[in-house]
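Read the structure below first, then the notes.
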Amino acid sequence: MTDAASAGFVSFDTYLADEQEAESRHEWVGGAVFVMAGGTERHDVAVNALTDVLRPGARKAGCRTFGGNRLVRTDAAAYYPDLVVVCGPLGHPLYEADATLIAEVRSDSTAGRDRREKAIVYATLPSLGQYLLVDPDRRHIEVGVRHGRFLSWESYGPGDVVDTAYGVIVVDELYDAIDAEALTPPPHG
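The sequence shown lines up with residues 504 to 692 when you count with this note's numbering.
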């Protein structure tokens, strides 16, 4: 599969077929295909810590959690979120279209895209209740809650608790777990 700069419009069906044969993962946005970048060690540890917090509540609610290898599709785009919670029956064997909670662990290269482009696209999912943006380096979580076609945002930091449909995220406990496992220290500055 080629990157968006050299490929013209690609239908979702063509993208999905090509993605099954690709050696690296790609995202599909409005007919353009983009190669995904790798993450840092702290990014991956943060995804695992967040999954550890939310998975028990999701299971109790009869829902499933997926890490960064499960595609979420909307009419406009298909992304691999860092964490997705899905309830209900399987809609398609290769992607989800009814996520109830999506979390992205931010990186410098994707922070703006996660906060703007993906937030707008994910807000089109009728099933979405919350969209979390988790900073892997500092104790900061943004939560977008769906209100109609838009997300309203709240920020959480040290001492705060984030309520989700699948349990509470105690910000300090989450970041204590990240700091305990990650060998890479958070950048200072």
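C-beta: ideal position from N, C-alpha, C; glycine also. All figures in this text were calculated on a predicted structure; none of them were measured in a lab.
Top-ranked residue by Cα proximity to residue i, from the options
| i | options | result |
| --- | --- | --- |
| Val538 | Val550, Glu544, Val548, Ala525 | Ala525 |
| Val646 | Leu636, Asp585, Phe653 | Leu636 |
| Gly565 | Gly632, Ala580, Tyr669 | Tyr669 |
| Thr577 | Val532, Pro689, Asp675, Val556 | Val532 |
| Leu686 | His546, Arg618, Leu586 | His546 |
| Ala680 | Gly534, Leu597, Asn551, Leu628 | Asn551 |
| Cys590 | Lys563, Asp611, Ala580, Thr613 | Lys563 |
| Asn572 | Asp585, Ala580, Tyr678, Ser655 | Asp585 |
| Pro639 | Val587, Pro688, Pro592 | Pro688 |
| Val673 | Ala614, Ile644, Glu684 | Ile644 |
Through-space distance from residue j to residue i, alpha-carbon basis
| i | j | result |
| --- | --- | --- |
| Arg528 | Ile623 | 22 Å |
| Tyr582 | Gly541 | 14 Å |
| Val556 | Leu597 | 25 Å |
| Glu522 | Thr603 | 24 Å |
| Tyr518 | Gly662 | 43 Å |
| Leu677 | Gly511 | 42 Å |
| Ser658 | Arg642 | 10 Å |
| Val536 | Ala580 | 10 Å |
| Glu607 | Asp516 | 25 Å |
Neighbourhood of residue i by C-beta distance below 8 Å, restricted to the same chain and skipping five residues each side
| i | result |
| --- | --- |
| Gly594 | Ala600, Asp601 |
| Val587 | Thr568, Phe569, Arg573, Val575, Glu599, Ala602, Leu604, Ile605, Ala606 |
Start and end residues, alpha helix (DSSP H) containing residue i
| i | result |
| --- | --- |
| Thr554 | 544-563 |
Contact with chain C by residue i, beta-carbon distance below 8 Å
| i | result |
| --- | --- |
| Tyr659 | Here chain C cannot be found, since the structure has a single protein chain. |
Start and end residues, beta strand (DSSP E) containing residue i
| i | result |
| --- | --- |
| Leu654 | 653-659 |
| Thr568 | 566-570 |
| Arg576 | 574-576 |
Spatial neighbours of residue i in its chain, beta-carbon cut-off 7 Å, leaving aside the 5 residues before and after
| i | result |
| --- | --- |
| Leu654 | Ala622, Ala626, Tyr634, Gly647, Val648 |
Residue i Cβ short of 7 Å to the ligand ATP heavy atom set
| i | result |
| --- | --- |
| Tyr625 | This structure lacks the ligand ATP, and indeed carries no ligand of any kind. |
Notebook entry, point to check: Which full runs of the beta strand (DSSP E) of 3+ residues lie inside the segment 509-540, going along the chain?
Noted result: 529-532, 535-538
Note to self: For a minimum of 4 consecutive residues, which ranges assigned as the alpha helix (DSSP H) are wholly contained in the segment 603-686?
What the structure shows: 622-625, 674-684
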